[in-house]
Each structure stands twice: as structure tokens, then as C-alpha cells.
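Numbering (our numbering), first residue to last: 3 to 33. Just so it is clear, CB atoms sit at the ideal spot from N, CA and C, and this is done for glycine as well. Here the structure is laid out as C-alpha cells; the discussion comes afterwards.
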Amino acid sequence: LSFNAAPGTYEFFCAIPGHKQIGMRGTLVIR
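As C-alpha cells, then:
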């Protein structure tokens with residue numbers, strides 16, 4: 003996986019219904 007992103011904090015989560023609510027999420031920090 004390769005991509006370009008500006009520095010910052012990005013939140014991501016599982017898009018399957020109910021999964022975000024049970025904790026399937028995270029944070030990606032680009033410095």
C-alpha cells in the first residue's frame with residue numbers, strides 16, 4: 003500500500019455496520 007498524504011492525524015474505521023461502535027477504528031499520524 004502506498005499513497006501520498008499531508009501531515010496530520012487521520013481517523014479510520016471499519017465500514018461494516020456496528021463494527022466502528024465495537025472499537026474497530028484507529029488513528030494514523032503522518033509527520
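Of the residues the options, the one placed nearest residue i, counting alpha carbons only
| i | options | result |
| --- | --- | --- |
| Gly-28 | Tyr-12, Phe-5, Leu-3 and Ala-8 | Tyr-12 |
Sequence-distant residues of the same chain with beta carbon closer than 7 Å to residue i, five excluded per side
| i | result |
| --- | --- |
| Phe-14 | Arg-27, Gly-28 and Leu-30 |
| Gly-10 | Ile-32 |
Nearest-angstrom beta carbon gap, residue j and residue i [assumed within contact, 8 Å]
| i | j | result |
| --- | --- | --- |
| Ile-24 | Ala-8 | Contact doesn't hold; Cβ gap of about 30 Å is too wide. |
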